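All remarks here apply to the structure that follows.
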Amino acid sequence: MELDNSQNSLSPVQLAVQRAYHASLELDTLSGVERSRGIQTLAKMLEGAQAEILEANTLDLEASREMAIPEIVQEWLKLTPERLHKTIRLLRRLAELSDPILRLMNAPHPLETSQTYCQLMPLGVIALVYEAFPELAAITAGFSLKTGNALILRGSTESSHTAEIIAQIIQEAIAETQLPPSSIEIIPAETGTPIQELVTQDHYLNLILPYGRASLVQQVSQWATAPVLRSALGNCYLYYSPSGDLDLMRWMILDSHEGEPDAVNAIEKVLIQEGQKLSYLMRLFSDLQEKGFELRGDESLVAEFPDLLKPVQEAEWDLAYLTKIVAFKMVPDLEGAIAWINEHSSGHADCLVTESYLESRHFAQEINSALIYINSSPRFTRNPQRGDSVFLGISNQKGQRRGLISLESFTTVKQVVQGQGRREDKGERRGNRE
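Per the numbering used here, the sequence shown starts with residue 341, numbered consecutively.
Okay, here's the thing in structure tokens:
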């Protein structure tokens, strides 16, 4: 596909998207070793520029306080040496993983007369629209290079100073490793370019990743004319069965909120079966308050614990707090809990504490969420210690990319049919011989 001849009539966004498209065609021809070298160089350069990055981040934090930016966004914005180290380690791990592109798989619909197989291929051009999270630009750049995709980055004004220096480092890494210059295109938020203009470039864009508060994700999803992979944060539910262990529930709640910088799978709502003795909850509530949590409850629980719980508003059951708040509610039984979770949770990660195998099987089968955790902390990490996978986030939308957003989420499948030329049927061959 040729670049538009009337370049002067194109906006900066259109030009950037076209450049990224042509870079994706070049990336598709490069080896996994060449692309991984770019990721290794990016990690090395980030490590060498930590002081400059943190200094720029301090400027962003000061400006965000003056602009009264919401506290949760300020937390997402605040880089620490540990967050940078985690980003660098994740990029190095990405570089070490085997190349996912051209990985062969059995075809789901083989043909009798031909050899049929599938292989993973790059999507093409991906756009990341993100809120704060300055290191997310570097992480997504690593994901894109690993999978042979070009990437367009559009951050937020809150992280403009940090985003600028990270963008500069990304581009320097691209240049040093001689990858296509437009492999990573950056659209600075301070230029005032509308997000809507970017996400409607469906002629070149193959996937859009919105990352941030639900309002941003919903807005991008409504505007976009290219496919969107929605990420989800917070409003995860836990049902505490009468057979469950109270200390285990306490640990699951606390551990789920330890994700940094974004506790993606934080347990924010807890359902408790009616008829249980409530006196044992006193220790749980006290422990959570000592850990800095604000606790809320439905009418019956607030009446029981007026000094520990604040009343919860009805709309809150559908909303993510994205901070250290947990709301508790009484439900009649397991079936009631399942119905409530399916109606009100964000649908990406919900939990159960139980000692009953039958309850666990029923819960896992009936809950309409991407991830189910039974007697296990849902805490999210992008770079787990076990296995070979790394993750960008979690999607709650149904389809092939539902659940953990991994390298495979940045790929598509091509089916190849290898035949042996024209094959005549027996009747035709018999007629020819006669």
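C-beta atoms are modelled at their ideal positions from N, C-alpha and C, and glycine is treated no differently. Note that the structure is a prediction, hence the values are computed from the model and not measured.
P462 classed as buried or exposed, judged by whether at least 16 other C-beta atoms fall within 10 angstroms:
Position 122 of the sequence shown, counting from 1, holds the residue named residue 462. Buried.
May I ask you to report which of helix, strand or coil DSSP gives I527?
As a position in the sequence shown, residue 527 is number 187, starting the count at 1. Looking at I527 - three-state DSSP - the assignment turns out to be coil, as it is neither helix nor strand.
Those runs of the beta strand (DSSP E) which lie wholly inside the region 445-526 and span at least 3 residues
If only uninterrupted beta strand (DSSP E) runs of at least 3 residues are considered, those enclosed by the region 445-526 are 455-462, 465-470, 490-494, 524-526.
Beta-carbon separation of E530 and T502 under 8 angstroms?
Here residue 530 corresponds to residue number 190 of the sequence shown, with the count starting at 1. Here residue 502 corresponds to residue number 162 of the sequence shown, with the count starting at 1. Result no, Cβ atoms of E530 and T502 do not sit closer than 8 angstroms.
Roughly how many angstroms separate the alpha carbons of N682 and R636, rounded to a whole number?
The residue labelled residue 682 in the question sits at position 342 within the sequence shown. The residue labelled residue 636 in the question sits at position 296 within the sequence shown. The alpha-carbon atoms of N682 and R636 are separated by roughly 21 angstroms.
Distance, L545 Cα to L365 Cα
Position 25 of the sequence shown holds residue 365. Position 205 of the sequence shown holds residue 545. One C-alpha to the other measures close to 13 angstroms.
If you reduce the DSSP assignment to three classes, tell me which class T670 lands in.
Translated into positions along the sequence shown, residue 670 becomes position 330. For the record, residue 670 in the displayed sequence is Met; it is not Thr. Reduced to three states, the DSSP call for M670 is strand.
Status (buried if at least 16 other CB within 10 Å, exposed otherwise) for K754:
As a first step, residue 754 is located in the sequence shown; it is residue number 414 there, counting from the start. For K754, the number of other beta carbons within 10 angstroms of its own is below 16, and it is reported as exposed.
From N723 to G759, what does the alpha carbon distance come to, in whole angstroms?
To locate residue 723, count along the sequence shown from 1; it is residue 383. To locate residue 759, count along the sequence shown from 1; it is residue 419. Rounded to the nearest angstrom, the two C-alpha atoms are 42 angstroms apart.
Considering R742, what are the terminal residues of the alpha helix (DSSP H) in which it resides?
Working through the sequence shown from its first residue, we reach residue 742 at position 402. Segment: none, R742 is in no alpha helix (DSSP H) and carries neither H nor E.
Quick test of the definition: if touching needs 3 or more C-beta pairs under 8 angstroms, does the region 416-436 touch the region 505-516?
By the criterion of at least three beta-carbon pairs nearer than 8 angstroms, the region 416-436 is not in contact with the region 505-516.
Roughly how many angstroms lie between the CA atoms of T487 and T751, to the nearest whole one?
For this step, residue 487 is matched to residue 147 along the sequence shown. For this step, residue 751 is matched to residue 411 along the sequence shown. A straight line joining the alpha-carbon of T487 with that of T751 spans about 7 angstroms.
What does a CB cutoff of less than 7 angstroms around G743 pick up in its chain, not counting 5 residues either side in sequence?
As a first step, residue 743 is located in the sequence shown; it is residue number 403 there, counting from the start. The beta carbon of G743 lies closer than 7 angstroms to those of A710, L711, I734, S735 in the same chain, with the five residues before and after it left out.
What does the alpha-carbon distance come out to for the pair L460 and L444?
Counted from its first residue, the sequence shown places residue 460 at position 120. Counted from its first residue, the sequence shown places residue 444 at position 104. One C-alpha to the other measures close to 7 angstroms.
Of the residues F731, L569, N575, I612, the one placed nearest L437, counting alpha carbons only
To locate residue 437, count along the sequence shown from 1; it is residue 97. It is F731.
So G378 packs on T517, CB below 8 angstroms; how close in whole Å?
Along the sequence shown, read from residue 1 onward, the residue named residue 378 stands at position 38. Along the sequence shown, read from residue 1 onward, the residue named residue 517 stands at position 177. About 4 angstroms separates the two Cβ atoms, so the contact holds.
If you check the beta carbons only, do S522 and H362 fall under 8 angstroms apart?
Working through the sequence shown from its first residue, we reach residue 522 at position 182. Working through the sequence shown from its first residue, we reach residue 362 at position 22. Yes.
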